[in-house]
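Notes for the one structure printed next.
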Amino acid sequence: MNPADLSATLLSVVSRIAADRGTPDLGLTVNDLVLERPRNRDHGDWASNIAMKLAKPLGANPRELATEIAEQARAIDGIASVDVAGPGFINITLDAAAAGALAKTIVEQGEAYGRNDSLAGQTINLEFVSANPTGPLHIGHTRWAALGDSLARILKAAGAELVSEFYINDAGNQMDNFGASILASAKGEPTPENGYPGAYVAELAQRVLASNPEILELDHDEAIAVARERGYELQLGEIKKSLAAFNVHFDVWFSERELHAVNADGKSAIDAAVERLRAQGHVADIDDAVWVKTTDFGDDKDRVIKRGNGIYTYFAADAAYYLSKGDRGFAHKIYLLGADHHGYVHRLKALAGAAGDDPEKDIEVLIGQLVSINGARLSKRAGNIIELDDLREWLGTDALRYSLGRYPSDSPLSLDPEILQKRTNDNPVFYVQYAHARTHSVARNAGESGVDRSVFDASLLTNESESILLGVLAEFPRIVAQAAELREPHRIARFAEELAGSYHRWYDQCRVTPLNDEEVTDVHRTRLWVNDAVGQVLRNSLWMLGVSAPERM
RNA sequence: GCGCCCGUAGCUCAGCGGAUAGAGCAAUUGACUACGGAUCAAUAGGCCGGGGGUUCAAAUCCCUCCGGGCGCACCA
Numbered sequence: 001m002n003p004a005d006l007s008a009t010l011l012s013v014v015s016r017i018a019a020d021r022g023t024p025d026l027g028l029t030v031n032d033l034v035l036e037r038p039r040n041r042d043h044g045d046w047a048s049n050i051a052m053k054l055a056k057p058l059g060a061n062p063r064e065l066a067t068e069i070a071e072q073a074r075a076i077d078g079i080a081s082v083d084v085a086g087p088g089f090i091n092i093t094l095d096a097a098a099a100g101a102l103a104k105t106i107v108e109q110g111e112a113y114g115r116n117d118s119l120a121g122q123t124i125n126l127e128f129v130s131a132n133p134t135g136p137l138h139i140g141h142t143r144w145a146a147l148g149d150s151l152a153r154i155l156k157a158a159g160a161e162l163v164s165e166f167y168i169n170d171a172g173n174q175m176d177n178f179g180a181s182i183l184a185s186a187k188g189e190p191t192p193e194n195g196y197p198g199a200y201v202a203e204l205a206q207r208v209l210a211s212n213p214e215i216l217e218l219d220h221d222e223a224i225a226v227a228r229e230r231g232y233e234l235q236l237g238e239i240k241k242s243l244a245a246f247n248v249h250f251d252v253w254f255s256e257r258e259l260h261a262v263n264a265d266g267k268s269a270i271d272a273a274v275e276r277l278r279a280q281g282h283v284a285d286i287d288d289a290v291w292v293k294t295t296d297f298g299d300d301k302d303r304v305i306k307r308g309n310g311i312y313t314y315f316a317a318d319a320a321y322y323l324s325k326g327d328r329g330f331a332h333k334i335y336l337l338g339a340d341h342h343g344y345v346h347r348l349k350a351l352a353g354a355a356g357d358d359p360e361k362d363i364e365v366l367i368g369q370l371v372s373i374n375g376a377r378l379s380k381r382a383g384n385i386i387e388l389d390d391l392r393e394w395l396g397t398d399a400l401r402y403s404l405g406r407y408p409s410d411s412p413l414s415l416d417p418e419i420l421q422k423r424t425n426d427n428p429v430f431y432v433q434y435a436h437a438r439t440h441s442v443a444r445n446a447g448e449s450g451v452d453r454s455v456f457d458a459s460l461l462t463n464e465s466e467s468i469l470l471g472v473l474a475e476f477p478r479i480v481a482q483a484a485e486l487r488e489p490h491r492i493a494r495f496a497e498e499l500a501g502s503y504h505r506w507y508d509q510c511r512v513t514p515l516n517d518e519e520v521t522d523v524h525r526t527r528l529w530v531n532d533a534v535g536q537v538l539r540n541s542l543w544m545l546g547v548s549a550p551e552r553m
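Set out below in structure tokens:
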């Protein structure tokens, strides 16, 4: 019996009691009947606070209500005991067979175990990183790359129809500055004003020179254009390579230029977007400029979308981009932004509102705090930028992905490179990976000793560490659903650590492979199922975090 | 000044109203002629930043103050 079954069964019990008391329709759903795994093992396998929750609406004493529920719950098949404790907690203990059956289920479901339909039917566009293609990705992008990619995997696992998207800011002045910087470097001239310094520009310049030596001969503007386009192509390629090496995948690479391109009707997507906002009544012409009345939706000031000189602001492209997401069928848009962009939240929400969408439901902006290393904040201003590639080569994809993924995005994060390089318990990623590797080594040894999965008798799983382990395994689908709903990948990492810990403790107490002079029994065979179930769930967890699950370390 | 985020063990951090607030590291002490000791067991460590409030119940929700971070462009 898994927690979902137990909740459903308990729900029917509670509904029946409510009906008996003359309150038939409380509108209760399974979600109201949250079962928790109590911290204290003396409180059973699962605990419910439903009696305390319902005491008021039913006009009942919580303890009496709990007692009544407990009496009826005792009769349910698979439940070993039910106790009432404290102010009205209902503590449930499953019998070993009912709890243990899960191990077999997990092995049979394999990669599917943990997946659920909690977000079924939702169409989500998840945008993250979205860096300018004018330079390498740095640590400021790294956290969002890790979190965004993990979140995408988790949302998909929860049944959402999701597309992950990288918005390429390939329009605007910075592209010309980029081109001019490359050209200057190619000619051996100093970096121009507002240009991009850095060794990577010189490298790009050499590559551009190799493929397009004519830039030295062309007139200035043409040469800049060639340098810009070729440099863009090369740099975007570098970005894609960096992300792929970091195990980060995007379904769509969306070019801002598409929004500026003039279509057959003589208008760009941006022109059309401004017209649509105007039709909704949220645009005003003041002086020569065009404004969006974002204050209608809680922004602290209105925003210019088209300047007095007739040129659109960056905000115009944002508007067109937002609308394009809706036009492409995404009801729900999630943006992952760094804390240094949080001033943008109101504007984006206002955009949704001005477009006729619901700013509370259709758009969601997740703000992530910045990362520091050894307490030193890394910022462009301080000039201590570290590139994603350097970090990855230094610490490894697994350690970096994991340590960025195991904290909520809104908590400021300080990484210690010393710890990240350690291959010990200090470094949680190795703790979890080692547990996974151990499940494989246990399975290998078991196989060599003639232990197979020919028998599964869950009633033999009686060790306390065994029932704890099974309880942790049972929580996985709910953890996934919760991580998806709250957009919090770190919950998967924390779960994986708890599972790894429970597994190591179980390993310490329960042998899968018999000692030399012992015979292979059904206990060993059944435990092999448990071992393999743990390996599967660790694998599924690590996959969601974009971290490898090695079979040997 | 206004807005958003954070403040929990010596350190890095979990804990979307529930029972005695947790984990890892660091400290102290144990366990290898036993499936990988990259592990496990045990001890110690806390006015959950301060103060009010809501609730049967607050680290969690509300208000306020203090401390830290980040933003407040007809830039992109």
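Per the working numbering: the first sequence ends with 553, consecutive numbering throughout.
Quick reminder that beta carbons are idealized off the backbone N, C-alpha and C, glycines included.
- Item | Distance, residue 406 Cα to residue 149 Cα | Within the first sequence, residue 149 is the residue found at index 149, counting from 1. Within the first sequence, residue 406 is the residue found at index 406, counting from 1. Spanning the two alpha carbons is a distance of roughly 13 Å.
- Query: Taking buried to mean at least 16 other C-beta atoms within 10 Å of its own C-beta, is residue 394 buried or exposed?
  - Reply: In the first sequence, residue 394 corresponds to position 394, counting from 1. Exposed.
- Message: So, at 7 Å on beta carbons, what are the nonlocal neighbours of residue 280 in its own chain, with the 5 sequence-adjacent residues on each side left out?
- Response: On the first sequence, position 280 is the one that residue 280 refers to. Correct list, in chain order: 354, 355 and 356.
- Message: Distance check for residue 232 and residue 327, CA to CA, integer angstroms please.
- Response: Taking the first residue of the first sequence as position 1, residue 327 is located at position 327. Taking the first residue of the first sequence as position 1, residue 232 is located at position 232. Cα to Cα, the separation comes out at about 28 Å.
- Message: Considering just the uninterrupted stretch of the alpha helix (DSSP H) at residue 83, what are its terminal residues?
- Response: Working through the first sequence from its first residue, we reach residue 83 at position 83. Residue 83 -> not in any alpha helix (DSSP H); beta strand (DSSP E) instead, spanning 79-85.
- Please classify residue 462: is it buried, with 16 or more other beta-carbons within 10 angstroms of its beta-carbon, or exposed? Reading the first sequence from its first residue, position 462 is the one you call residue 462. Exposed, by the Cβ-count rule.
- Item | Beta-carbon contacts of residue 375 that lie in its chain and below 6 Å, excluding the five residues immediately before and after | Locating residue 375 in the first sequence gives position 375, where the first residue counts as 1. The predicted position of residue 375 is uncertain, since its pLDDT is 49 and thus under 50; a value taken from the coordinates is nonetheless stated next. These residues qualify, in order along the chain: 414.
- For residue 472, name the three-state secondary structure that DSSP assigns. Position 472 of the first sequence, counted from the start, is the residue given in the question as residue 472. Here residue 472 sits in helix by DSSP.
- In chain order, what residues of the same chain have a beta carbon less than 7 Å from the beta carbon of residue 329, not counting five sequence neighbours either side? For the purposes of this step, residue 329 is identified with residue 329 of the first sequence, where counting begins at 1. Excluding positions up to five away in sequence, the list reads 123.
- 8 Å Cβ cutoff met for residue 537 and residue 113: On the first sequence, residue 537 is found 537 positions in, with the first residue counted as 1. On the first sequence, residue 113 is found 113 positions in, with the first residue counted as 1. The answer is yes: Cβ separation under 8 Å.
- residue 439, DSSP secondary structure in three states: On the first sequence, residue 439 is found 439 positions in, with the first residue counted as 1. Helix at residue 439.
- Item | Boundaries (first-last residue) of the beta strand (DSSP E) holding residue 126 | The residue you call residue 126 lines up with position 126 of the first sequence. Segment 123-127, the beta strand (DSSP E) holding residue 126.
- Message: Tell me the DSSP secondary structure of residue 288 in three-state form.
- Response: Within the first sequence, residue 288 is the residue found at index 288, counting from 1. The answer is coil: DSSP assigns residue 288 none of H, G, I, E or B.
- Task: Using the Cα positions of residue 295 and residue 152, report the straight-line distance between them to the nearest angstrom.
- Result: Start at 1 with the first residue of the first sequence, and residue 295 comes out as number 295. Start at 1 with the first residue of the first sequence, and residue 152 comes out as number 152. Those two C-alpha atoms are separated by around 32 Å.
- Can you name, in chain order, every residue of its own chain whose Cβ lies under 6 Å from the Cβ of residue 85, other than the five neighbours on each side? Position 85 of the first sequence, counted from the start, is the residue given in the question as residue 85. 91, listed in sequence order.
- Host beta strand (DSSP E) of residue 165 (start-end): In the first sequence, the residue the question calls residue 165 occupies position 165. First-last of the beta strand (DSSP E) with residue 165: 161-168.
- Tell me the DSSP bridge mates of residue 48? Position 48 of the first sequence, counted from the first residue, corresponds to residue 48. BP columns for residue 48 point to 35 and 90.
- If you compare alpha carbons, which of 205, 181, 208 and 549 is closest to residue 197? Taking the first sequence and counting its residues from 1, one reaches residue 197 at position 197. The candidate whose alpha carbon is nearest that of residue 197 is 181.
- Query: By Cβ distance, which residues of its chain are closer than 7 Å to residue 240, with the 5 residues on each side in sequence left out?
  - Reply: For the purposes of this step, residue 240 is taken as residue 240 along the first sequence, with counting starting at 1. Closer than 7 Å at the Cβ level, and outside the excluded window around residue 240, lies no residue.
- Item | Inter-residue spacing [alpha-carbon to alpha-carbon] between residue 349 and residue 164 | By one-based count along the first sequence, residue 349 stands at place 349. By one-based count along the first sequence, residue 164 stands at place 164. Between residue 349 and residue 164, the C-alpha separation is close to 20 Å.
- May I have the straight-line CA-CA distance separating residue 69 from residue 118, to the nearest angstrom? Here residue 69 corresponds to residue number 69 of the first sequence, with the count starting at 1. Here residue 118 corresponds to residue number 118 of the first sequence, with the count starting at 1. Going by the C-alpha atoms only, they are around 28 Å apart.
- Task: Using three-state DSSP, classify residue 18 as helix, strand or coil.
- Result: Translated into positions along the first sequence, residue 18 becomes position 18. Looking at residue 18 - three-state DSSP - the assignment turns out to be helix.
- Query: When we look at the beta-carbon of residue 262 and count the other beta-carbons within 10 Å, is it buried (16 or more) or exposed?
  - Reply: Taking the first residue of the first sequence as 1, we reach residue 262 at position 262. Residue 262 should be labelled exposed.
- Task: With a 10 Å radius around its C-beta and 16 neighbouring C-beta atoms as the bar for buried, classify residue 325 as buried or exposed.
- Result: For the purposes of this step, residue 325 is taken as residue 325 along the first sequence, with counting starting at 1. So residue 325 counts as buried.
- Item | Terminal residues of the beta strand (DSSP E) in which residue 141 lies | To locate residue 141, count along the first sequence from 1; it is residue 141. Here residue 141 belongs to no beta strand (DSSP E); instead the alpha helix (DSSP H) covers 139-157.
- Task: For residue 445, count neighbouring Cβ atoms within 10 angstroms of its own Cβ and tell me buried if that reaches 16, exposed if not.
- Result: Along the first sequence, read from residue 1 onward, the residue named residue 445 stands at position 445. Residue 445 is exposed by the Cβ-count criterion.
- Query: How would you call residue 513, buried or exposed, if buried means at least 16 neighbouring beta carbons within 10 angstroms?
  - Reply: Here residue 513 refers to the residue found at position 513 when the first sequence is read from its first residue. Its Cβ being crowded by 16 or more others within 10 Å, residue 513 is buried.
- Message: On the criterion of 16 or more Cβ atoms from any shown chain inside 10 Å, does residue 53 qualify as buried, or is it exposed?
- Response: Here residue 53 refers to the residue found at position 53 when the first sequence is read from its first residue. So residue 53 counts as buried.
- Message: I'd like to know whether the C-beta atoms of residue 600 and residue 346 end up nearer to each other than 8 Å.
- Response: It is not possible to answer for residue 600, since the shown part of the chain is limited to 1 through 553.
- Message: Among the candidates 238, 430, 518 and 167, whose CA atom is the shortest distance from the CA of residue 201?
- Response: Counting from 1 along the first sequence, the entry for residue 201 is found at position 201. The option with the nearest alpha carbon to residue 201 is 238.
- Message: If distances are taken between C-alpha atoms only, which option among 242, 246, 248 and 209 comes closest to residue 229?
- Response: Start at 1 with the first residue of the first sequence, and residue 229 comes out as number 229. The residue with the shortest Cα to Cα distance from residue 229 is 209.
- Of all the options 175, 473 and 391, which has the alpha carbon lying nearest to the alpha carbon of residue 532? Working through the first sequence from its first residue, we reach residue 532 at position 532. Of the listed residues, the one whose Cα sits closest to residue 532 is 473.
- Task: Could you tell me whether the Cβ atoms of residue 130 and residue 166 are closer together than 8 Å?
- Result: Walking along the first sequence from the start, residue 130 turns up at place 130. Walking along the first sequence from the start, residue 166 turns up at place 166. Against a cut-off of 8 Å, the Cβ pair of residue 166 and residue 130 comes out as a contact.
- Have a look at 159, 133, 521 and 235 and flag the residue whose alpha-carbon is nearest the alpha-carbon of residue 450. Mapped onto the first sequence, residue 450 falls at position 450. Answer by Cα proximity: 521.
- Message: Just to confirm before moving on: does the CB-CB distance between residue 555 and residue 370 stay below 8 Å?
- Response: Shown here, the chain extends from 1 to 553; a query on residue 555 therefore has no answer.
- Would residue 506 pass as a contact of residue 551 if the rule is Cβ separation under 8 Å? In the first sequence, residue 506 corresponds to position 506, counting from 1. In the first sequence, residue 551 corresponds to position 551, counting from 1. Cβ atoms of residue 506 and residue 551: not closer than 8 Å.
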